[in-house]
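To keep things clear, I will list the structure first and then write my remarks on it.
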Amino acid sequence: MVFKGLLLSLAALPLAKTETVLGVYIFSRHGDRTPKALAPTNLTSLGAQQAYTSGGYYRNRYVASDADSPVFGLSRDVAALTQLTVTAPLDNVLQNSAQAFLQGLYPPAGDFSTQELRNDETVTAPLGGYQYVPVNMISSLTSSTNPEDNPWLQGGSGCDKAVVSSNNYLSSTEYASTYKESEDFYQSLLPVINTTFETDEANFKNAYAIFDYINVATIHNQTIPASDLLTSENLRELKLLADVHEWNLAYNSTDEIRAIAGATLAGQIVEALNDTITGHGKQPVHIQFGAYASFLSFFGLAQLPAVSADFTGVVGYSSTMAFELVTNASVGSGSAGYPSADDISVRFLFSNGSAADVTPTVYPLFGQGETLLPWTSFVSGMKKFAIGDTPDWCRVCGVTTGSCASLTAGSGSGDAASASASGSGGISLPVAGVIGALVTLAVVIGAEALIYVISGVTLVKKSTLAAQVSATTAGSKA
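Count the sequence shown with mature numbering (1 follows the signal peptide of the UniProt record, and there is no 0) and you get residues -18 to -1, 1 to 460, in order.
Structural data, given as structure tokens:
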């Protein structure tokens, strides 16, 4: 995904000299990994390096003593665990990516980790003061173990209506047309992929799985069967078709329940940033690792394709979205010195690939032109599609079984946030304390009926969908 030159210039926009960054929410994809078609997947050395350098970029932006845009009050060299929260699904690729990212964000502390004991002995932590920042693992009805082993985890959401919505694309005339038009193209690539994909599996139905398989090979394999077929033109076509396939499964403007992953992510973003404001900066940094499908769903809901059609493509490894809380008001210590919500704004940045290689660019949200939104305007834009709590999720998804069975129908507010009338000007959220689990869908909707089973990666026929929905477990498409 290559962004337009005009938009790239936004990345260089200078910050106001008086601006203070109060907090940040970062959502990141994992680094380079082995292909899903050859599960179990593993983070590669390249992938770890991508995540590490991305963390290093954000250290230089927000954390270091000489940071470009230091987060107010944040510990600079030794991580204060009360100041940041890090989450990822229970998956080795995502968990390991998060750990690598954190080593870039807070590298070994060296002498800062040295302690003097009562007996006057000095002790330095092992590995040069390696910092053990915990990555909270999320396992719930909306997440599964090892989601990276599955090419398409629509079933990860557990959202019945989203399952139906995604399946509608697979039975649409648009899908059928693309399938037919690309049939010869995929068949022509059989000499490259026939050790993993059968003849009847080389088609648009498996667009992402085939792209992923070949993409990994072009990065890592010294030799590739029939490599002469992998021309630049054919590789571009593979990526384009994968983008079309995944975008249409992740988002539909006339049926937004399909973007349940982006909606729940939006709810957590607002909740986390709101906690930073109402807590007067006690926990200013929030980091989550998840799926490319969550990026796509959020892009659609936030109307980012209105800025560039490139927002409809699968994001690269270690891509990040960042939401900065900023103010131009004076900021002091303690509650009394913290600015009111009326003086706080939000800036959205996106990097398609490791931020160390692709500098994050500022983009306007919600189809308007401003790149710096007042906090209340940001919340107003997000609440149009964000899922605010578990009852709300159960209601919009049409789920009445499992964890939803014990919840009162209609108890969800339908809004992710609402403006508070308190003097502090904060935002109160109708959050039941479980949105953190919900948002880690890190995957777009669907059912395991859509999970590939070609070596564990082929789509199941639509006729089997209903029987499998109830048995679906959650996960991440990344």
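We put the CB at the ideal spot given by N, CA and C, even for glycine.
The beta strand (DSSP E) enclosing residue i, as first and last residue numbers
i: N118; result: N118 to I120
i: T67; result: L66 to P71
i: L355; result: L354 to P356
N- and C-terminal bounds of the alpha helix (DSSP H) containing residue i
i: H227; result: S214 to A232
i: G244; result: I242 to T260
i: A158; result: T155 to S170
i: F277; result: Y274 to L283
i: residue 502; result: Since the first and last residues shown for the chain are -18 and 460, residue 502 lies out of range.
i: P108; result: P108 to G111
i: L152; result: D142 to L152
i: Y320; result: Looking at the DSSP string, Y320 is not in any alpha helix (DSSP H), and its letter there is neither H nor E.
i: N197; result: A189 to H202
i: D210; result: Segment: none, D210 is in no alpha helix (DSSP H) and carries neither H nor E.
i: L28; result: S27 to Y40
i: D374; result: T372 to C379
Bridge-paired residues (DSSP) for residue i
i: E306; result: V6 and R329
i: T343; result: F332
i: E98; result: T104
i: V53; result: V3
i: I269; result: I8 and V68
i: R15; result: L25
Local Cβ density within 10 Å of residue i, reported as buried at 16 or more and exposed below that
i: A208; result: exposed
i: P173; result: exposed
i: G351; result: exposed
i: S147; result: buried
i: residue 510; result: Because the chain spans -18 through 460 in this model, residue 510 falls outside it and cannot be assessed.
i: K187; result: buried
i: H202; result: exposed
i: Q270; result: buried
i: S315; result: exposed
i: A22; result: Residue identity differs from the one stated: residue 22 is Pro in this sequence, not Ala. Burial call: exposed.
i: L109; result: exposed
i: Q113; result: buried
i: E228; result: buried
i: G38; result: buried
i: A275; result: buried
i: G92; result: exposed
i: L423; result: With a pLDDT of only 35 at L423, under the threshold of 50, the placement of this residue in the model should not be trusted; the figure read from the coordinates follows. Classification for L423: buried.
i: S27; result: exposed
i: T205; result: exposed
i: T372; result: buried
Other residues of its chain near residue i: CB distance less than 6 Å, five sequence neighbours each side excluded
i: L20; result: none
i: H268; result: Y7, T67 and A254
i: M303; result: F9 and F332
i: N118; result: T69
i: V105; result: Q97
i: F277; result: V297
i: L286; result: F293
i: N24; result: T16
i: E306; result: V3, V6 and R329
Cut-off 7 Å between Cβ atoms - residues of its own chain near residue i, not counting five sequence neighbours on either side
i: T2; result: F54, V308, T309 and V313
i: E165; result: N185
i: V198; result: T16 and P17
i: S219; result: Looking at the sequence shown, residue 219 is not Ser but Glu. The residues are F167.
i: Q32; result: G13, D14, Y299, S300 and S336
i: S57; result: Q65
i: D257; result: Q265
i: residue 501; result: Lying before the first or after the last residue shown, residue 501 is absent from the chain, which here runs from -18 to 460.
i: L87; result: G37, Y40, R41 and V45
i: T(-1); result: N310
Own chain, CB closer than 8 Å to residue i, minus 5 neighbours either side, in chain order
i: D194; result: P17, K18, A19, P133 and A224
i: E215; result: none
i: L63; result: V115 and P116
Check: residue i C-beta below 7 Å from any heavy atom of the ligand COA
i: K18; result: Absent from the structure shown: the ligand COA. Ligands present: none.
Is the region 245 to 263 in contact with the region 38 to 50, if contact means three or more CB pairs nearer than 8 Å? no
Contact between the region 321 to 331 and the region 376 to 389: three or more CB pairs below 8 Å? no
Per the contact definition of three or more C-beta pairs closer than 8 Å, is the region 337 to 348 in contact with the region 216 to 229? At 8 Å Cβ cutoff, the stretches do not touch.
Inter-stretch contact (C-beta, 8 Å, three-pair minimum) for the region 88 to 101 and the region 68 to 77: Flag = no, the region 88 to 101 and the region 68 to 77 do not touch.
Is it the case that the region 137 to 157 contacts the region 237 to 245, given that we only count it when at least three CB pairs across the two stretches are under 8 Å? yes
With a cut-off of 8 Å, do at least 3 Cβ pairs link the region 90 to 97 to the region 286 to 301? no
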